[in-house]
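Here is the structure we will look at, set down as C-alpha cells.
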Amino acid sequence: MEALVHQVLSGFATGGIYASLALALVMIYQSTHHINFAQGEMAMFSTYLAWTCVNAGLPYWAAFALTLALSFVIGVVIERVVIRPVEHAPVLSVVIVFIALLAILNSLAGWIYSYTIKSFPSPFTWQGLSNPYLAPHEIGIVGVTVVVLLLLYAFFRFTPLGLAMRAAAQNPVSSRLAGIRVGWMLALGWGLAAAIGAIAGMMIAPVVYLDPNMMSGIMLYAFAAALLGGIDNPVGAVVGGFVVGVVENLAGAYVVGTELKLTVALVLIVGVLLFRPSGLFGRRYVTRV
Amino acid sequence: MGALLEVRELCAGYGATDVLHDVAFEVAEGGITTVLGANGAGKTTLLRAVCGLIRRRGQVRFGGQPIERRVTEDIVRLGLAHVPDGRGTFVQLSTEENLRVGAITRRDRRAVQGDMERMYGYFPRLRERREQQAGTLSGGEQQMLAIARALMLRPRLLVLDEPSFGLAPLVVQDIFRIMRTVNTEEKVSILLVEQNARLALELADSAYLLETGRVVLGGPAARLRDDETVRRAYLGY
Chain W
7 MEALVHQVLS
17 GFATGGIYAS
27 LALALVMIYQ
37 STHHINFAQG
47 EMAMFSTYLA
57 WTCVNAGLPY
67 WAAFALTLAL
77 SFVIGVVIER
87 VVIRPVEHAP
97 VLSVVIVFIA
107 LLAILNSLAG
117 WIYSYTIKSF
127 PSPFTWQGLS
137 NPYLAPHEIG
147 IVGVTVVVLL
157 LLYAFFRFTP
167 LGLAMRAAAQ
177 NPVSSRLAGI
187 RVGWMLALGW
197 GLAAAIGAIA
207 GMMIAPVVYL
217 DPNMMSGIML
227 YAFAAALLGG
237 IDNPVGAVVG
247 GFVVGVVENL
257 AGAYVVGTEL
267 KLTVALVLIV
277 GVLLFRPSGL
287 FGRRYVTRV
Chain S
2 MGALLEVREL
12 CAGYGATDVL
22 HDVAFEVAEG
32 GITTVLGANG
42 AGKTTLLRAV
52 CGLIRRRGQV
62 RFGGQPIERR
72 VTEDIVRLGL
82 AHVPDGRGTF
92 VQLSTEENLR
102 VGAITRRDRR
112 AVQGDMERMY
122 GYFPRLRERR
132 EQQAGTLSGG
142 EQQMLAIARA
152 LMLRPRLLVL
162 DEPSFGLAPL
172 VVQDIFRIMR
182 TVNTEEKVSI
192 LLVEQNARLA
202 LELADSAYLL
212 ETGRVVLGGP
222 AARLRDDETV
232 RRAYLGY
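Written out as C-alpha cells, the structure reads:
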C-alpha cells in the first residue's frame with residue numbers, strides 16, 4: 007500500500023512537469039493552431055542557460071529568475087524572427103520550421119556544452135521535507151508547478167494584458183478592431199511558453215540529468231497530456247499532465263516495467279487520436295459544408 | 002459642420018481584384034451617414050477598407066489626419082470603432098469580458114467601469130447575461146454586445162456593418178433607437194451600412210448609394226428617400 011501511494015504521488019510530481027509543458031503547447035496552439043515541436047528543445051536550452059548561471063556562481067534562485075527572463079526574451083525573438091515570416095505559410099512549411107528549430111537548438115546545445123551528461127542542482131534539499139512517500143525535490147516540483155499554474159491563471163483571468171492575449175487567440179480580427187496588437191500578443195505568448203518550458207526544464211533536470219536530449223522522452227508525455235486534455239484547452243492540458251504522470255508511473259511499476267514506460271505515452275497518443283480526437287475536455291468543431 | 006471622415010478616390014479589394022472603384026464619401030462631425038446597396042455592391046468591403054483591414058489606395062482622412070497608410074490597430078486608437086459583419090463576438094469570453102476587450106486601449110479604469118454600467122443601461126439584456134459565455138447569446142444579444150463593445154472605446158465614429166441582419170423587427174427597432182440616442186446624447190458620429198434602406202434613411206442625415214463598387218448617388222438622406230430609382234429599387238414602392 008505504501009508503495010502504491012508512493013508511486014501515485016511521485017507520478018504527480020512528474021505529472022506537474024508534463025502539465026507545464028502541455029500548457030505551453032496549448033498556449034501556442036490556441037493562438038496559432040500549430041504544435042510547437044521545438045518546445046522541449048527550447049526548455050532544454052533554457053536549462054543549460056540556468057546551468058551556466060549556477061556555474062558562474064549565482065545563487066540558485068537568482069539563476070532561476072535570470073533564466074526565466076532570458077527564456078522569455080528568446081521566446082519572443084524566435085516568434086518574431088523565425089515564426090512570423092511563415093505566418094501565412096502552409097501547415098507543412100511551419101512544421102518543417104519547427105523541426106529545424108528543434109534540430110538547431112539541439113545541435114547548438116551539444117556544440118556549446120558537449121553531449122556529456124551533467125548534473126543539475128536542486129534547490130529543495132531541506133531535510134525537514136523528508137518522508138516515506140516523496141523525495142524533497144519531488145515535493146518542490148509539485149509546489150513550483152502549483153505556484154506557476156496559479157500565477158498563470160491569475161494573469162489570464164484578472165489582468166488586461168491576459169485578457170488581450172486571450173482575445174487575440176480567439177478572434178484576431180475582432181481583436182485588431184478593438185485596438186489590440188495581435189502580432190505582439192502572439193510573441194508574448196511565445197515568451198510565456200518559453201518561460202514555462204524553462205521552469206519545467208529546471209525542475210526535471212535534477213531527476214533526468216542535463217544533456218541535449220533530456221527532453222525527448224518528456225515531450226512525448228507532454229504531447230500525450232495535451233492531447234488527452236484536448237489540445238485547445240489549458241485546463242485539460244493541466245489535468246492531462248497529472249493523469250499521464252500518474253498513469254505512466256503506475257504502468258511502469260506494475261504493468262509494463264520501466265523499460266517500456268515510454269510506450270504508455272505513445273499508446274495514449276494513438277488511443278486519444280483514434281477514439282476521442284478532441285480529448286477529454288476539448289471542444290468539437292462542427293463545420294457545415 | 003466639418004467632415005470627420007473624408008474618403009476620396011478609394012480603390013480597394015481582395016487579392017488582385019478591385020471591388021471598389023474611386024469611391025468618395027463623407028461623414029460629418031456629429032452626423033449619421035448611411036451607405037446603401039444591394040448584396041455584393043461592396044458595402045462591407047468599403048468599411049473594411051476604411052479600417053485598414055484590406056488592401057486599399059486613395060485618400061482616407063479621419064479627424065483631419067490621413068489614415069490610409071495606418072494599420073487597423075492605430076486607426077482604432079484614433080477613435081474609430083467598427084462593428085463588423087458577423088458581429089465579431091469573442092465567443093469563449095463572458096459578456097463582461099467582451100466589453101472589457103472593447104475598452105482595452107483605455108487607461109481610465111474608473112470611467113471604463115462607469116461606461117460598462119451605461120452599456121447595461123442601454124442594453125439591460127446584457128446585464129442579465131454578464132457572466133455568461135458570449136457564444137451562448139442569441140443573435141440579437143450578440144448584436145447588442147457588438148455595439149456595446151464598440152462604444153466601450155468611447156469612439157468619435159461608430160462604424161456599423163448591417164446591424165439589422167437576421168434580427169427580429171422589434172430587436173432592430175431597439176438597436177436603431179439606441180443608435181439615435183448615442184448620436185444625439187454622446188455626440189458619436191455614425192457610419193451605417195444597411196440593406197434595410199427604409200430604416201437607414203429614417204435614421205441618417207446623409208446617404209450614398211453603392212452599385213458594383215461605385216457611388217452612383219449621394220446627398221441628404223431626404224433627397225435619396227424621394228429619389229425615384231432609390232424608391233423603386235430599395236424601398237419597394
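So the protein sequences, as listed, match chains W and S.
When you read off a place in the first sequence, starting at 1, and then add 6, the result is the number in the numbering used here.
When you read off a place in the second sequence, starting at 1, and then add 1, the result is the number in the numbering used here.
From the three backbone atoms N, C-alpha and C, an ideal C-beta is built for every residue, glycine too.
- Going by DSSP, I191/S is part of the beta strand (DSSP E) stretching over 190-195.
- For H39/W, the three-state secondary structure derived from DSSP is coil.
- In this structure, L48/S places its C-beta atom within 9 Å of the C-beta atom of V160/S.
- Considered as a whole, the region 8-86 of chain W harbours 8-38, 45-61, 66-84 as its complete alpha helix (DSSP H) runs of no fewer than 4 residues, in chain order.
- Taking C-beta separations shorter than 7 Å and ignoring five residues to either side along the sequence, the partners of Y35/W in its chain run I41, I237, D238, following chain order.
- With its beta carbon less than 9 Å from one in chain S, I186/W belongs to the interface.
- The C-beta of S125/W comes no closer than 9 Å to any C-beta of chain S.
- Taking a Cβ-Cβ cut-off of 9 Å, the neighbours of P85/S in chain W comprise V179, S180, L183, given in sequence order.
- For R71/S, the three-state secondary structure derived from DSSP is coil.
- Below the 7 Å Cβ cutoff, chain S contributes I105 as neighbours of P166/W, in chain order.
- Inter-residue distance for G122/S and E144/W is about 53 Å (C-alpha atoms, whole angstroms).
- DSSP links C52/S through a beta bridge to no other residue.
- Between the alpha carbons of V244/W and T185/S lies a distance of about 51 Å.
- Between the region 51-69 of chain S and the region 78-90 of chain S, the count of C-beta pairs closer than 8 Å reaches three or more; the two stretches touch.
- Bridge partners of A29/S according to DSSP: A4/S.
- Put simply, the region 159-179 of chain S does not touch the region 198-213 of chain W. Fewer than three CB pairs are less than 8 Å apart.
- Taken through DSSP and simplified to helix, strand or coil, E212/S comes out as strand.
- Contact between P178/W and L29/W is absent: CB atoms are separated by about 21 Å, not below the 8 Å threshold.
- Cα atoms of M191/W and V262/W: separation of roughly 43 Å, rounded to the nearest angstrom.
- With contact defined as three or more Cβ pairs closer than 8 Å, the region 96-105 of chain W and the region 213-221 of chain W are not in contact.
- Pairing H22/S with G214/S gives a Cβ-Cβ distance under 9 Å.
- In this structure, the CA atom of F164/W is about 18 Å from the CA atom of V152/W.
- Going by beta carbons, L156/W and F162/W fall outside the 9 Å limit.
- Contact annotation for L54/S against chain W: V179, R182, L183 [CB-CB distance below 9 Å, chain order].
- Ranked by how close their Cα comes to the Cα of P166/W, the residues L225/S, G103/S, T45/S have G103/S in first place.
- Following the DSSP letters along the chain, one finds H143/W inside the alpha helix (DSSP H) bounded by residues 142-164.
- Residue-level contact check: R90/W does not touch chain S, since none of the beta carbons of chain S fall below 9 Å from its beta carbon.
- Listed along the chain, the chain S residues whose CB falls inside 8 Å of the CB of A199/W amount to none; the nearest CB is some 19 Å away.
- For V84/S, the enclosing beta strand (DSSP E) starts and ends at 81-84.
- Taken atom to atom, the span from the alpha-carbon of A29/S to that of K188/S is near 11 Å.
- Under the Cβ criterion of 9 Å, A223/S is not counted among the residues facing chain W.
- Assignment of P129/W by DSSP, reduced to helix, strand and coil, places it in the coil class.
- Per DSSP, the beta-bridge partners of D19/S are G14/S.
- Burial of H83/S is indicated by the presence of at least 16 other C-beta atoms within 10 angstroms of its C-beta.
- Burial of L274/W is indicated by the presence of at least 16 other C-beta atoms within 10 angstroms of its C-beta.
- Cβ neighbours of E47/W within its own chain (closer than 6 Å, five residues either side excluded): L108, L111, N112.
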